[in-house]
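Listed in order, the protein sequences are those of chains W and V. Everything in the first sequence is counted per the UniProt record's numbering, starting at 1 for the first residue and increasing by one. Everything in the second sequence is counted per the UniProt record's numbering, starting at 1 for the first residue and increasing by one. Report on the structure given below.
2 protein chains.
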Amino acid sequence: MPVNGLSINLATVREQYNMRQAVDACLRQDIVAIAPWRDQVHAIGLAEASRIVAENGLKVTGLCRGGMFPAGNPAARATAIDDNRKAIDEAAALNADCLVLVVGGLPVGSRNIAEAREMVADGIAQILPHARSAGIPLAIEPLHPMYAADRACVNTLEQALDICDLLGDGIGVAIDVYHVWWDPKLEQQISRAGAAGRILAHHICDWLVPTTDLLLDRGMMGDGVIDLRGIRRSIEAAGYHGAQEVEIFSAGNWWKQPGEQVLSTCVERFRSVC
Amino acid sequence: MPVNGLSINLATVREQYNMRQAVDACLRQDIVAIAPWRDQVHAIGLAEASRIVAENGLKVTGLCRGGMFPAGNPAARATAIDDNRKAIDEAAALNADCLVLVVGGLPVGSRNIAEAREMVADGIAQILPHARSAGIPLAIEPLHPMYAADRACVNTLEQALDICDLLGDGIGVAIDVYHVWWDPKLEQQISRAGAAGRILAHHICDWLVPTTDLLLDRGMMGDGVIDLRGIRRSIEAAGYHGAQEVEIFSAGNWWKQPGEQVLSTCVERFRSVC
Numbered sequence: 001m002p003v004n005g006l007s008i009n010l011a012t013v014r015e016q017y018n019m020r021q022a023v024d025a026c027l028r029q030d031i032v033a034i035a036p037w038r039d040q041v042h043a044i045g046l047a048e049a050s051r052i053v054a055e056n057g058l059k060v061t062g063l064c065r066g067g068m069f070p071a072g073n074p075a076a077r078a079t080a081i082d083d084n085r086k087a088i089d090e091a092a093a094l095n096a097d098c099l100v101l102v103v104g105g106l107p108v109g110s111r112n113i114a115e116a117r118e119m120v121a122d123g124i125a126q127i128l129p130h131a132r133s134a135g136i137p138l139a140i141e142p143l144h145p146m147y148a149a150d151r152a153c154v155n156t157l158e159q160a161l162d163i164c165d166l167l168g169d170g171i172g173v174a175i176d177v178y179h180v181w182w183d184p185k186l187e188q189q190i191s192r193a194g195a196a197g198r199i200l201a202h203h204i205c206d207w208l209v210p211t212t213d214l215l216l217d218r219g220m221m222g223d224g225v226i227d228l229r230g231i232r233r234s235i236e237a238a239g240y241h242g243a244q245e246v247e248i249f250s251a252g253n254w255w256k257q258p259g260e261q262v263l264s265t266c267v268e269r270f271r272s273v274c
Numbered sequence: 001m002p003v004n005g006l007s008i009n010l011a012t013v014r015e016q017y018n019m020r021q022a023v024d025a026c027l028r029q030d031i032v033a034i035a036p037w038r039d040q041v042h043a044i045g046l047a048e049a050s051r052i053v054a055e056n057g058l059k060v061t062g063l064c065r066g067g068m069f070p071a072g073n074p075a076a077r078a079t080a081i082d083d084n085r086k087a088i089d090e091a092a093a094l095n096a097d098c099l100v101l102v103v104g105g106l107p108v109g110s111r112n113i114a115e116a117r118e119m120v121a122d123g124i125a126q127i128l129p130h131a132r133s134a135g136i137p138l139a140i141e142p143l144h145p146m147y148a149a150d151r152a153c154v155n156t157l158e159q160a161l162d163i164c165d166l167l168g169d170g171i172g173v174a175i176d177v178y179h180v181w182w183d184p185k186l187e188q189q190i191s192r193a194g195a196a197g198r199i200l201a202h203h204i205c206d207w208l209v210p211t212t213d214l215l216l217d218r219g220m221m222g223d224g225v226i227d228l229r230g231i232r233r234s235i236e237a238a239g240y241h242g243a244q245e246v247e248i249f250s251a252g253n254w255w256k257q258p259g260e261q262v263l264s265t266c267v268e269r270f271r272s273v274c
């Protein structure tokens, strides 16, 4: 019996497995939905990755990631646009539900976050026609404000949805509880996203107290303070009933555990606390 | 000649000096405005601290800190209320411009941030009459969302101002660039705060890239990515012309430097980049 409603973002077991091994390990636990990262796809080749997905009838809840639009000069911004078009093609080859966009932070040396945000909106606008024709929805993932400088200058759901409204069809949001759980406007903006049909992905993990590293200390569901069930209820009430995708970066703990144990814990916690 | 417009939050040199020593060191550099923490006041005694302030004609741009309202049981919440009333009295004895509120995060074991936020609004409402009669404005300091769980569940200026609007007079906000620089609604909400006469303090430091610790890795102005001049312009355009108060928690760097060097660097950077 497949574990319905659960997807594994393969970053969760990136230290243990390549994509092929990760898929095998997921299938052994009846997990039939995944979300790979592009470097994991490239490591085994896009053709092989696509074959693995197709032959096993896997659902791909997203490809991570496009984005990283801001840069200090036009050539670098153009390179990012080209790379995003390739990412769209890869997402299409993998039959992914969406391409997740981590939009990028400040160009090196810049203190102008407003300008970086303009570069993001401009970059997405440039790739959107290609995404539409490829049938790949773009999912802006608002990242926690602690990543505003170096990873993503889109930091709230409200801000992401404002960009979506600007750009029209073919674009929505990936809601990762780790990034948005703290937001006083979370419920309101989830409703807004749902009403506009813009919820494209729902990522889960947990916020640990204390958190010892800004990037690589995410917790397993249930080990932290996020009201996972409450957020899930809001997202479902807003009309989204896709899979919950587990995405855990954990250099000190889960990346050091055997992959099978990580995946079985994901299944158990998905059933007990999500 | 006093360094006009600069205040030193004494946490910036808390590892080097007690309050008496810190004031002496500030005066040697013509810094005539400070903001002490309560533990620093208690360590030398409130009477002595007040005497030091009065005799030297120091401006006290704020007392840090009241708050910490949420708790798992009514008795603990009542204890917090009592302690906040004492903090108001101490602020009055020091002739402080405001009492800064770090409102508190989730009670231990709780995942209900909405409830914690209600406890905050309720707690502030309970101490506000005492603050008004003591003539001490309460300054809600929205803290960066990375502190939502364990320090403050008020995480944006918009949210803080909504609470202010609920509660009426005698309450406003402390705007610390470290906590709010990333906010896409920052300029809008600074204008709102200024129009309502609610800007009570302006704290400065910088956001380092990378940031290696969630709490104790703040940067000196100019060493990070915050547009300090831009935010200052917004705050002044909103009608606030009080001092910029330097507050740097830096276990790995500034807390290890000689206090005099830290203070002289604050003066230099205040003049060159703020």
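Where is the CB? At the ideal position from N, CA and C, for every residue including glycine.
Could you give the distance in angstroms between the alpha-carbon of residue 194 of chain V and the alpha-carbon of residue 256 of chain V?
For this step, residue 194 of chain V is matched to residue 194 along the second sequence. For this step, residue 256 of chain V is matched to residue 256 along the second sequence. For residue 194 of chain V and residue 256 of chain V, the distance between alpha carbons rounds to 37 Å.
CB-CB under 8 Å to residue 187 of chain W, same chain, minus the five flanking residues each way: which ones, in chain order?
Along the first sequence, one-based indexing puts residue 187 of chain W at 187. Here the set comprises 234.
Hey, is residue 203 of chain W's beta-carbon within less than 9 Å of any beta-carbon in chain V?
If you number the first sequence from 1, residue 203 of chain W lands on position 203. Residue-level contact by beta carbon fails for residue 203 of chain W and chain V, as no gap is shorter than 9 Å.
According to DSSP, is residue 153 of chain V part of a helix, a strand, or is it coil?
Taking the second sequence and counting its residues from 1, one reaches residue 153 of chain V at position 153. In the structure shown, residue 153 of chain V sits in coil (DSSP, three-state: anything other than H, G, I, E or B).
Using DSSP with H/G/I as helix, E/B as strand and the rest coil, what is residue 244 of chain W?
As a first step, residue 244 of chain W is located in the first sequence; it is residue number 244 there, counting from the start. Strand.
Using 8 Å as the threshold, is the region 69-78 of chain V in touch with the region 43-53 of chain V, meaning 3 or more CB pairs across them?
Not touching, per the Cβ criterion.
Would you mind reading off the limits of the beta strand (DSSP E) that contains residue 202 of chain V?
If you number the second sequence from 1, residue 202 of chain V lands on position 202. 199-204 is the extent of the beta strand (DSSP E) around residue 202 of chain V.
Through-space distance from residue 205 of chain V to residue 181 of chain V, alpha-carbon basis:
To locate residue 181 of chain V, count along the second sequence from 1; it is residue 181. To locate residue 205 of chain V, count along the second sequence from 1; it is residue 205. Between residue 181 of chain V and residue 205 of chain V, the C-alpha separation is close to 11 Å.
Contact under 9 Å by Cβ, residue 263 of chain V with residue 8 of chain V
Sequence index remark: in the second sequence, residue 263 of chain V carries index 263 (1-based). Sequence index remark: in the second sequence, residue 8 of chain V carries index 8 (1-based). Pairing residue 263 of chain V with residue 8 of chain V gives a Cβ-Cβ distance under 9 Å.
Is any heavy atom of the ligand GTP found at a distance shorter than 8 Å from the C-beta of residue 114 of chain V?
The ligand GTP is not part of the structure shown, which contains no ligands of any sort.
How many whole angstroms separate the CB atoms of residue 276 of chain W and residue 31 of chain W, which I take to be in contact at a CB cut-off of 8 Å?
The requested residue 276 of chain W is not part of the displayed model; chain W covers only 1 to 274.
Helix or strand or just coil, what does DSSP make of residue 259 of chain W?
What you label residue 259 of chain W is simply residue 259 of the first sequence in a count that begins at 1. If DSSP states are grouped into helix, strand and coil, residue 259 of chain W belongs with the helices.
Does DSSP classify residue 162 of chain V as helix, strand or coil?
For the purposes of this step, residue 162 of chain V is identified with residue 162 of the second sequence, where counting begins at 1. Helix, per DSSP.
Starting from residue 177 of chain V, trace the alpha helix (DSSP H) in both directions and tell me its first and last residue.
Looking up residue 177 of chain V in the second sequence gives position 177. Residues 177-180.
Among V:94, V:231 and V:37, which one has its Cα closest to the Cα of residue 14 of chain V?
Here residue 14 of chain V refers to the residue found at position 14 of the second sequence. Relative to residue 14 of chain V, the option among V:94, V:231 and V:37 whose CA is nearest is V:37.
From the DSSP secondary-structure annotation, give me the bridge partner or partners of residue 37 of chain V.
Here residue 37 of chain V is taken as the residue at index 37 of the second sequence, counted from 1. BP columns for residue 37 of chain V point to V:64.
Closer than 7 Å at the beta carbon, the chain W residues around residue 226 of chain V:
Counting from one through the second sequence, the residue named residue 226 of chain V turns up at place 226. What residue 226 of chain V touches in chain W, judged by beta-carbon distance under 7 Å, is 111, going in chain order.
Can you find at least 3 beta carbon pairs, one from the region 239-252 of chain V and one from the region 112-125 of chain W, that sit closer than 8 Å?
Contact fails: fewer than three Cβ-Cβ distances are below 8 Å.
Output, in chain order, the set of chain W residues within a Cβ distance shorter than 7 Å of residue 148 of chain V.
What you label residue 148 of chain V is simply residue 148 of the second sequence in a count that begins at 1. Chain W residues near residue 148 of chain V: 182.
Cutting at 7 Å between CB atoms, please list the residues of its own chain near residue 135 of chain V, excluding the five before and the five after it.
Sequence index remark: in the second sequence, residue 135 of chain V carries index 135 (1-based). In its chain, beyond the 5 residues on either side, 92 have a beta carbon closer than 7 Å to the beta carbon of residue 135 of chain V.
Does residue 4 of chain W pass the burial test, meaning 16 or more other C-beta atoms within 10 Å, or should it be called exposed?
Position 4 of the first sequence holds residue 4 of chain W. With fewer than 16 other CB atoms across the displayed protein chains lying within 10 angstroms of its CB, residue 4 of chain W is exposed.
Reference residue 171 of chain V, options V:253, V:160 and V:112, closest by Cα:
The residue labelled residue 171 of chain V in the question sits at position 171 within the second sequence. Comparing Cα-Cα distances from residue 171 of chain V to each of V:253, V:160 and V:112, the minimum goes to V:160.
Where residue 87 of chain W and residue 65 of chain W are concerned, what is the direct C-alpha to C-alpha distance, given to the nearest angstrom?
Position 87 of the first sequence holds residue 87 of chain W. Position 65 of the first sequence holds residue 65 of chain W. Cα atoms of residue 87 of chain W and residue 65 of chain W: separation of roughly 7 Å, rounded to the nearest angstrom.
Assuming residue 127 of chain V is part of the alpha helix (DSSP H), what are its boundary residues?
What you label residue 127 of chain V is simply residue 127 of the second sequence in a count that begins at 1. Here the alpha helix (DSSP H) through residue 127 of chain V covers 113-134.
9 Å is my cut-off, CB to CB: does residue 335 of chain V come that close to chain W?
The question about residue 335 of chain V has no answer, for chain V in this structure spans 1 to 274.
Roughly how many whole angstroms lie between the Cα atoms of residue 152 of chain V and residue 116 of chain V?
Within the second sequence, numbered from 1, the residue matching residue 152 of chain V stands at position 152. Within the second sequence, numbered from 1, the residue matching residue 116 of chain V stands at position 116. Distance between the alpha carbons of residue 152 of chain V and residue 116 of chain V: 9 Å.
Give me the Cα-Cα distance between residue 21 of chain V and residue 249 of chain V, rounded to the nearest whole angstrom.
The count along the second sequence starts at 1 and reaches residue 21 of chain V at position 21. The count along the second sequence starts at 1 and reaches residue 249 of chain V at position 249. Taking the straight line from one Cα to the other gives about 18 Å.
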